[in-house]
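All remarks here apply to the structure that follows.
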Amino acid sequence: MDILKAMQERHSVRAYTGRPIEGETLERLKKLVDNANAESGLHIQLVLNEPKAFDSKLAHYGKFSGVKNYIALIGKRGKELDEKCGYYGERIVLGAQALGLNTCWAALTYKKIPEAFTIEKDEKLLMVIAIGYGATQGKPHKGKTYGDVASPEDAPAWFKQGVEAALLAPTAVNQQKFSFELKGDKVLAKAKFGTCVKTDLGIVKYHFEVGSGKDSDIWL
Numbered sequence: 048m049d050i051l052k053a054m055q056e057r058h059s060v061r062a063y064t065g066r067p068i069e070g071e072t073l074e075r076l077k078k079l080v081d082n083a084n085a086e087s088g089l090h091i092q093l094v095l096n097e098p099k100a101f102d103s104k105l106a107h108y109g110k111f112s113g114v115k116n117y118i119a120l121i122g123k124r125g126k127e128l129d130e131k132c133g134y135y136g137e138r139i140v141l142g143a144q145a146l147g148l149n150t151c152w153a154a155l156t157y158k159k160i161p162e163a164f165t166i167e168k169d170e171k172l173l174m175v176i177a178i179g180y181g182a183t184q185g186k187p188h189k190g191k192t193y194g195d196v197a198s199p200e201d202a203p204a205w206f207k208q209g210v211e212a213a214l215l216a217p218t219a220v221n222q223q224k225f226s227f228e229l230k231g232d233k234v235l236a237k238a239k240f241g242t243c244v245k246t247d248l249g250i251v252k253y254h255f256e257v258g259s260g261k262d263s264d265i266w267l
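Basically my numbering = 1-based index in the sequence shown + 47.
Have a look at this one:
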């Protein structure tokens with residue numbers, strides 16, 4: 048499965064089976080995490096067979112069940128942390144989808160289990176991503192349109208394809224509080240006011256790059 052197809056088929060999944068992540072799938076997942084850390088300087092960690100984080104009142108309120116594995120998004124404190132975690136976290140998420148795994152971003156609906164991961168003195172746990180084999184494949188939610196988040200209407204095909212890919216991205220409570228503006232051959236991406244919008248911006252920027260066929264040099 049290529050990343051564009053994974054992007055189209057990936058939906059948030061909160062209920063998981065007991066099937067363990069193992070074998071080649073596990074090794075490729077670990078490689079996704081290692082590559083993201085090597086490129087970004089983040090300290091993302093894959094936590095396996097740890098059921099306590101999603102066995103809390105908050106998690107049950109968020110309708111999570113059967114979660115025993117998650118990705119801890121950890122990095123050095125600073126103004127770039129949120130967006131960087133969004134960008135590289137989503138890269139791992141879509142890679143995991145291509146491996147046949149399911150995921151769900153979780154900013155609040157989990158309990159921190161300190162012994163499950165390592166955080167250095169200058170680092171912060173931003174949020175986690177539940178991962179495993181879903182009881183279902185999730186379902187799409189109604190979202191915004193190109194005109195709601197981007198301008199101009201007569202933009203080139205690559206820009207429109209990038210925006211359409213961004214509209215498939217997961218955002219906190221499906222808020223989609225972002226915008227894209229074409230300025231010459233560059234793109235200005237902005238986060239509006241809302242919950243976890245800086246992380247969401249990183250997520251949608253990765254989607255835009257994949258959909259448009261551009262790299263990070265596109266951004267103003």
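Glycine included, each C-beta is placed from N, C-alpha and C at the ideal position.
* **Contact between the stretch 98-107 and the stretch 134-152 (3+ Cβ pairs under 8 Å)** => Taking one beta carbon from each stretch, the stretch 98-107 and the stretch 134-152 have fewer than 3 pairs nearer than 8 Å; the two do not touch.
* Below 8 Å, can you find three or more Cβ-Cβ pairs linking the stretch 188-199 to the stretch 117-128? -> The answer is no - the stretch 117-128 does not touch the stretch 188-199, with fewer than three Cβ pairs under 8 Å.
* To do: Verify whether the separation of the beta carbon atoms of residue 188 and residue 54 is less than 8 Å.
  => For the purposes of this step, residue 188 is taken as residue 141 along the sequence shown, with counting starting at 1. For the purposes of this step, residue 54 is taken as residue 7 along the sequence shown, with counting starting at 1. In this structure, residue 54 does not lie closer than 8 Å to residue 188 by Cβ.
* Asked: Per DSSP, what kind of secondary structure is residue 243 in: helix, strand or coil?
  -> What you label residue 243 is simply residue 196 of the sequence shown in a count that begins at 1. DSSP places residue 243 outside both helix and strand once states are collapsed to three, so it counts as coil.
* To do: Work out the CA separation of residue 221 and residue 128 for me, nearest whole Å.
  => Here residue 128 refers to the residue found at position 81 when the sequence shown is read from its first residue. Here residue 221 refers to the residue found at position 174 when the sequence shown is read from its first residue. Approximately 21 Å between the Cα atoms of the pair.
* Pull up the distance between the alpha-carbon of residue 72 and that of residue 230, whole angstroms please. => Mapped onto the sequence shown, residue 72 falls at position 25. Mapped onto the sequence shown, residue 230 falls at position 183. One Cα belongs to residue 72, the other to residue 230, and the distance between them is close to 41 Å.
* Contact belief for residue 218 with residue 247 at Cβ below 8 Å, rounded distance in angstroms -> Counted from its first residue, the sequence shown places residue 218 at position 171. Counted from its first residue, the sequence shown places residue 247 at position 200. Taking the Cβ atoms as the reference, residue 218 lies roughly 4 Å from residue 247, within the contact range of under 8 Å.
* Answer with buried or exposed for residue 36, where buried requires no fewer than 16 other C-beta atoms within 10 angstroms of its C-beta. => Outside the displayed range of the chain (48 to 267) lies residue 36, so it cannot be described from this structure.
* To do: Since I believe residue 80 is in contact with residue 179 (beta carbons under 8 Å), could you give me their beta-carbon distance rounded to a whole number of angstroms?
  => Translated into the one-based positions of the sequence shown, residue 179 becomes position 132. Translated into the one-based positions of the sequence shown, residue 80 becomes position 33. A Cβ-Cβ separation of about 15 Å leaves residue 179 out of contact with residue 80 under the 8 Å criterion.
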